[in-house]
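Anchor point for the sequence shown: position 49 equals 49 in UniProt numbering, and the numbering is continuous, going up by one each time.
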Amino acid sequence: KGIQGRFAANMGETAYENWIKPVRAVKVDLANRTVELQAPNDIVMQAWDNGNYTAKFMEYAYDVAHDFFKPELKVIKVVANPVNNQKSNQSNSDFVATDYQLNQNFTFDTWVIGDANELATSAAMAVSEQPGRQYNPLLIYGSSGLGKTHLMEAIGNRLKELQPDAIVRYITTDDFMNDWVNAISKKTTADFTSTYENVDLLLVDDIQML
Numbered sequence: 001k002g003i004q005g006r007f008a009a010n011m012g013e014t015a016y017e018n019w020i021k022p023v024r025a026v027k028v029d030l031a032n033r034t035v036e037l038q039a040p041n042d043i044v045m046q047a048w049d050n051g052n053y054t055a056k057f058m059e060y061a062y063d064v065a066h067d068f069f070k071p072e073l074k075v076i077k078v079v080a081n082p083v084n085n086q087k088s089n090q091s092n093s094d095f096v097a098t099d100y101q102l103n104q105n106f107t108f109d110t111w112v113i114g115d116a117n118e119l120a121t122s123a124a125m126a127v128s129e130q131p132g133r134q135y136n137p138l139l140i141y142g143s144s145g146l147g148k149t150h151l152m153e154a155i156g157n158r159l160k161e162l163q164p165d166a167i168v169r170y171i172t173t174d175d176f177m178n179d180w181v182n183a184i185s186k187k188t189t190a191d192f193t194s195t196y197e198n199v200d201l202l203l204v205d206d207i208q209m210l
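1) Taking the alpha-carbon positions, what's the Asn18 to Lys186 distance?
2) Which residues in the same chain have their Cβ closer than 7 Å to the Cβ of Ile113, if we skip the five residues on either side of it in sequence?
3) Apply the 10 Å Cβ neighbour rule to Ser143 and answer buried if 16 or more other Cβ atoms are within range, or exposed otherwise.
4) So is Arg169 buried or exposed if we call it buried at 16+ other beta carbons inside 10 Å?
5) Where does Glu153 land, buried or exposed, given buried means 16+ other C-beta within 10 angstroms?
6) Using only the alpha-carbon positions, how far apart do Thr149 and Asn32 sit?
7) Please report the residue range of the beta strand (DSSP E) in which Thr110 lies.
8) So, helix, strand or coil for Ala39, using DSSP?
Right under this line is the structure:
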């Protein structure tokens, strides 16, 4: 087995798919015994720092090459496929949906990964890079104060970073219900449905209240 094969055999599938598989070796310096690795984003680099993957890489590299190699991880930006922009949030009716601005401080770069949230972080990253492909819907559950809102908004901010034209709607459950009640009273339920369906990413805070 190669280095990636050893990682895959000794860790969970989700962790491997999110933290190891996206990393690529681009340069080997035999003189200095280093390997330059490229990661797609800062959150993957942070996972390597927190997850002891550097030490494991050196261990597996020795198994394969019978020599010590130290990985040097760098970040490269991932350019995602553009979103199909044939969508619209606008309506000719009186219906106006609630929509909050995302907190720009709630990003994956400011998110701290730990043992308790590694799986949630992996799922959130997968959604942010390919919304609708995996974990659809994704429900983030936990006690108050653990950062659920931060992680949820980080998904939206990451998608907007990768795809600036993406339609992201962020609301609370209370406002979602108020929009529905208003749509019924104004007989604009079709516009309500269209508004909430024609998005690339819908973020609903406190969804358990629905």
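Every residue, glycine too, gets a C-beta built ideally from N, C-alpha and C.
Taking the structure as given:
1) 46 Å
2) Gln46, Ala47, Asn50 and Thr121
3) exposed
4) buried
5) buried
6) 44 Å
7) Thr110 -> no beta strand (DSSP E), and no H or E assigned at all.
8) strand
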